[in-house]
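Counting from 1, one number per residue, gives the positions in the sequence shown under this note's numbering.
Let me begin by presenting the structure, written as structure tokens, before commenting on it.
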Amino acid sequence: MSEPWTPAPPPPSLPMNYALWADRVLAALADGGIALLVMIVLYILLFVVSVGGQFIFAGVEQATGTGAAGVGGGLFGCGTCCLFIILPPISYLIAGLANKVYLVSKRGYSIGQGLMKIKVVDAQGNLLSMGTSVLRLLCTVGLGFIPLVGGLLDLLWPLWDPQRQTLHDKAVGSFVIKTG
């Protein structure tokens with residue numbers, strides 16, 4: 001029989017200097033800029049592949065006299081619109097693996113968080129493990145798949161939370177503190 005789910009550990013007994021909501025938002029905007037750059041690169045690659053694929057299939061149709069361009073147009077036409085919808089969370093995940101997982105687990109803060117002098121810690125004030133950082137990122141990305149409500153609710157949650165945690169912080173028991 002499996003053990004029942006237990007909630008995240010309670011807040012630490014030592015008081016923490018929780019980061020202000022504005023600092024978290026500014027850090028998120030800086031980190032979001034990095035994800036935006038990744039997304040722009042992915043959009044350019046998607047465009048190049050889409051246009052290149054249509055030229056290839058048009059050339060095949062012209063050379064063989066078959067309807068291959070119609071097949072290629074279908075592959076690079078309608079399906080591409082779905083990729084444009086899921087590209088933002090995917091780009092956040094790609095950028096987040098380096099910025100929100102590796103950097104946070106090694107030094108305690110992402111690039112944006114470092115600019116705002118805030119740090120992500122566990123209930124005891126220690127750095128997050130790599131696994132916890134991955135789970136935290138996956139929670140953020142998962143909330144991003146819920147249009148508007150998920151990401152917006154996650155962003156606003158610290159405004160009324162006593163420890164100023166977001167939903168993805170609550171999911172893994174992490175806290176964001178001011179270091180400077």
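Cβ coordinates follow ideal geometry from the N, Cα and C atoms, glycine included.
Small disclaimer: the values here were computed from a predicted structure and weren't measured.
>> Suppose the cutoff is 8 Å on Cβ atoms and the five residues either side in sequence are ignored; what does the same chain contact list for Asp-154 look like?
In response: Position 154 of the sequence shown, counted from the start, is the residue given in the question as residue 154. Excluding the 5 residues flanking it on each side, Asp-154 has same chain C-beta neighbours closer than 8 Å at Thr-140, Leu-143, Thr-166, Leu-167, His-168, in chain order.
>> For Leu-36 and Ile-90, what's the separation of their Cα atoms in angstroms?
In response: Here residue 36 refers to the residue found at position 36 when the sequence shown is read from its first residue. Here residue 90 refers to the residue found at position 90 when the sequence shown is read from its first residue. So the two alpha carbons sit approximately 11 Å from each other.
> Can you give the Cα-Cα distance for Leu-135 and Leu-115, rounded to whole angstroms?
Replying inline: What you label residue 135 is simply residue 135 of the sequence shown in a count that begins at 1. What you label residue 115 is simply residue 115 of the sequence shown in a count that begins at 1. So the two alpha carbons sit approximately 23 Å from each other.
> Going by the beta-carbon positions, is the gap between Ile-177 and Ala-19 smaller than 8 Å?
Replying inline: On the sequence shown, position 177 is the one that residue 177 refers to. On the sequence shown, position 19 is the one that residue 19 refers to. In contact: Ile-177 and Ala-19 (Cβ atoms closer than 8 Å).
> Taking the alpha carbon of Thr-179 as the point to measure from, which residue in Glu-3, Arg-24, Trp-5 has its own alpha carbon closest?
Replying inline: Position 179 of the sequence shown, counted from the first residue, corresponds to residue 179. Per the Cα distances, Arg-24.
> Using the rule of at least 16 other Cβ atoms within 10 Å of the residue's Cβ for burial, across every protein chain shown, is Pro-88 buried or exposed?
Replying inline: As a working mapping, residue 88 is identified with position 88 in the sequence shown. Under a 10 Å Cβ-count criterion, Pro-88 is classified as buried, with 16 or more other Cβ atoms of the shown protein chains found around its own Cβ.
> Are Asp-31 and Ile-111 touching if we call contact CB-CB under 8 Å?
Replying inline: For this step, residue 31 is matched to residue 31 along the sequence shown. For this step, residue 111 is matched to residue 111 along the sequence shown. Contact: yes.
>> Rounded to the nearest angstrom, what separates Ile-86 and Ser-129 at their Cα positions?
In response: Locating residue 86 in the sequence shown gives position 86, where the first residue counts as 1. Locating residue 129 in the sequence shown gives position 129, where the first residue counts as 1. Approximately 28 Å between the Cα atoms of the pair.
> The alpha helix (DSSP H) spanning Ile-111 covers which residue range?
Replying inline: Here residue 111 is taken as the residue at index 111 of the sequence shown, counted from 1. For Ile-111, the enclosing alpha helix (DSSP H) stretches over residues 111-115.
> Using the C-alpha atoms, what's the distance from Leu-127 back to Leu-137?
Replying inline: In the sequence shown, residue 137 corresponds to position 137, counting from 1. In the sequence shown, residue 127 corresponds to position 127, counting from 1. Spanning the two alpha carbons is a distance of roughly 15 Å.
>> I'd like to confirm the pairing. Which residues does DSSP put opposite Val-176 in its beta bridges?
In response: By 1-based counting over the sequence shown, the position of residue 176 is 176. Under DSSP, Val-176 shares a beta bridge with Val-120.
> Quick one, which of Gly-150, Val-41, Asn-17, Met-39 has its alpha-carbon nearest Val-120's?
Replying inline: Translated into the one-based positions of the sequence shown, residue 120 becomes position 120. The residue from Gly-150, Val-41, Asn-17, Met-39 with its alpha-carbon nearest to that of Val-120 is Asn-17.
>> Pull the bridge partners of Tyr-18 from the DSSP assignment, please.
In response: As a working mapping, residue 18 is identified with position 18 in the sequence shown. Tyr-18 is bridged by DSSP to Ile-177.
> Using the beta-carbon count (16 or more within 10 Å), is Gln-124 buried or exposed?
Replying inline: Numbered from its first residue, the sequence shown carries residue 124 at position 124. Exposed is the call here.
>> Using only the alpha-carbon positions, how far apart do Val-149 and Leu-159 sit?
In response: Here the question's residue 149 lines up with position 149 in the sequence shown. Here the question's residue 159 lines up with position 159 in the sequence shown. C-alpha separation (whole angstroms): 16 Å.
>> Less than 8 Å between the C-beta atoms of Ile-40 and Asn-99, yes or no?
In response: Translated into positions along the sequence shown, residue 40 becomes position 40. Translated into positions along the sequence shown, residue 99 becomes position 99. Not closer than 8 Å, so no.
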